[in-house]
Amino acid sequence: MAKKPFRRIVVKIGTSSLMKDNSVNRQAMTSLARELSELRSEGREIILVTSGAIGFGMEKMGRGFPEDPVMRQAMAAIGQSRLMHEYENAFRKHGQVIAQVLPIHQNFLDRKLFMPLKETVEKLIQLGAIPIINENDAVSVEEITGKAFSDNDALAALVATGFSADLLVMLTDVDGIYTDNPKTCGNTKKIDGIGQLLSEPINIGKKSEHGRGGMASKISAVKKAVAAGCSTAVCVTREGAVLDAAKGKCTGSFFGVEN
Numbered sequence: 394m395a396k397k398p399f400r401r402i403v404v405k406i407g408t409s410s411l412m413k414d415n416s417v418n419r420q421a422m423t424s425l426a427r428e429l430s431e432l433r434s435e436g437r438e439i440i441l442v443t444s445g446a447i448g449f450g451m452e453k454m455g456r457g458f459p460e461d462p463v464m465r466q467a468m469a470a471i472g473q474s475r476l477m478h479e480y481e482n483a484f485r486k487h488g489q490v491i492a493q494v495l496p497i498h499q500n501f502l503d504r505k506l507f508m509p510l511k512e513t514v515e516k517l518i519q520l521g522a523i524p525i526i527n528e529n530d531a532v533s534v535e536e537i538t539g540k541a542f543s544d545n546d547a548l549a550a551l552v553a554t555g556f557s558a559d560l561l562v563m564l565t566d567v568d569g570i571y572t573d574n575p576k577t578c579g580n581t582k583k584i585d586g587i588g589q590l591l592s593e594p595i596n597i598g599k600k601s602e603h604g605r606g607g608m609a610s611k612i613s614a615v616k617k618a619v620a621a622g623c624s625t626a627v628c629v630t631r632e633g634a635v636l637d638a639a640k641g642k643c644t645g646s647f648f649g650v651e652n
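See below:
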């Protein structure tokens, strides 16, 4: 892995990790808040990219996944406030200030729109806060319908590259990137290193139940982040996963960049 400590770290967590059995996975959120707060107390600069707004809205309203884009936007609006409420409770235990940031895809396409976003996030980091970024599903039609940045894996790569992160940690329900789904296929192997990622044939599989991402989006995010000079770890959501990755001890797939 890299020789120098990772100073600025972007962590992305997906809906499949934030929800368990169609309910809020508070254990995962509590663990994540503790680890990110610990890293922040060490002087690391942390940005969290989160999914979950639609899933939390569905859980709140007792609904299944809506096919109608407008209903998905409504679920996102309901779920986003609950999502941040859960994060606030989790981080408060550690005295860590958090901040909600809800960009849309145009913020990353137009420099005039990106610079105010960047300045705000940089100021939040300077103040010691942890920015929690989620694309604004309630108003971003392109994101909901998959015509622009189709999921938060893509958003995480944009955040990591746009804010010059040293490390991107992508938390998921599988401990790394494999040539096939390790949950259903016994004859599979873990991918490590960008060279292997580019050369090995990979069965990308299906998306998660509540999320819009999947292995294909994670592979794309890894390639974009590494190409921009940001080391990337893909690992399962578990106790200590982020701390291990920050120390260069990723148990999942690691795609390093010399720094």
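Residue numbers for the sequence shown follow my numbering, beginning at 394 and rising by one. Glycine residues also receive a C-beta, built at the ideal position from the N, C-alpha and C atoms.
Going by C-alpha to C-alpha distance, which of the options sits closest to residue i?
i             : options                        : result
glutamate 368 : Gln489, Asn580, Lys413, Glu479 : What the structure shows of the chain is the stretch from 394 to 652, and residue 368 is not part of that stretch, so it cannot be assessed.
glycine 455   : Gly622, Asp461, Ser416         : Ser416
tyrosine 571  : Ile612, Asp546, Leu561, Met563 : Ile612
glutamate 651 : Val627, Ala547, Leu560         : Leu560
leucine 432   : Ile584, Asp573, Ile523         : Ile523
lysine 660    : Asp414, Glu481, Gly645, Ser434 : The question about residue 660 has no answer, for the chain in this structure spans 394 to 652.
glutamine 493 : Glu632, His478, Gly448, Arg504 : His478
threonine 513 : Asn529, Leu495, Leu502         : Leu495
valine 403    : Ile497, Lys516, Asp546, Gly586 : Asp546
histidine 498 : Ser474, Asn482, Asp544         : Asp544
glutamate 438 : Ala469, Arg401, Met468, Ser474 : Arg401
valine 552    : Arg485, Phe399, Leu441         : Leu441
leucine 591   : Ala483, Ala609, Pro575, Lys576 : Ala609
alanine 368   : Ile587, Val627, Leu636         : Outside the modelled stretch of the chain, which goes from 394 to 652, sits residue 368, for which no answer is possible.
Are residue i and residue j closer than 8 Å when you measure CB to CB?
i                 : j              : result
aspartate 566     : threonine 630  : yes
alanine 446       : glycine 407    : no
phenylalanine 647 : valine 619     : no
alanine 421       : histidine 487  : no
asparagine 527    : threonine 423  : no
threonine 554     : lysine 453     : no
glycine 569       : isoleucine 584 : yes
Quick check on the burial criterion: 16 or more other C-beta atoms within 10 angstroms. Buried or exposed for residue i?
i              : result
valine 463     : exposed
glutamine 466  : buried
leucine 520    : exposed
glycine 539    : Because glycine 539 sits at a pLDDT of 49, beneath the cut-off of 50, its placement in the model cannot be relied upon, and the following sentence gives the value as read from the coordinates. Per the 10 Å Cβ criterion, exposed.
valine 532     : exposed
lysine 339     : One cannot answer for residue 339 here, as it falls past the ends of the chain, which runs 394 to 652.
alanine 634    : buried
aspartate 461  : exposed
cysteine 643   : buried
lysine 397     : exposed
histidine 603  : Unreliable placement is indicated for histidine 603, whose pLDDT of 49 sits below 50; the coordinate value is still reported in the next sentence. With 16 or more other Cβ atoms within 10 Å, it is buried.
glycine 436    : exposed
asparagine 529 : buried
leucine 476    : buried
glycine 450    : buried
asparagine 418 : buried
asparagine 596 : exposed
glycine 448    : buried
asparagine 580 : exposed
methionine 508 : exposed
asparagine 500 : buried
cysteine 578   : exposed
Can you tell me the Cβ-Cβ gap for residue i and residue j, rounded? I've got them flagged as a contact below 8 Å.
i            : j                 : result
lysine 405   : alanine 558       : About 11 Å separates the two Cβ atoms, so there is no contact after all.
lysine 511   : phenylalanine 458 : Not quite, the Cβ-Cβ distance comes to about 33 Å (not below 8 Å), so this is no contact.
serine 410   : leucine 564       : 5 Å
tyrosine 480 : isoleucine 525    : 6 Å
valine 562   : alanine 614       : The pair is not a contact, with the Cβ atoms about 11 Å apart (cut-off 8 Å).
Residue i: beta carbon under 7 Å from a heavy atom of the ligand PLP?
i           : result
proline 509 : The model depicted lacks the ligand PLP and carries no ligand whatsoever.
For residue i, would you say it is in contact with chain B, using Cβ-to-Cβ distances shorter than 8 Å as the test?
i           : result
leucine 564 : The displayed structure is made up of one protein chain only, and chain B is not part of it.
Item to check | Length at least 4, wholly inside the stretch 428-489: the alpha helix (DSSP H) runs in chain order | outcome: DSSP runs (the alpha helix (DSSP H)) wholly in the stretch 428-489: 446-454, 462-485.
Item to check | Continuous alpha helix (DSSP H) assignments of at least 4 residues falling wholly in the stretch 496-571 | outcome: 499-502, 504-519, 534-538, 545-555
Checklist entry - What are the start and end residues of each continuous beta strand (DSSP E) run of 3 or more residues lying completely inside the stretch 612-646, in chain order? => result Listed in chain order, they are 624-629.
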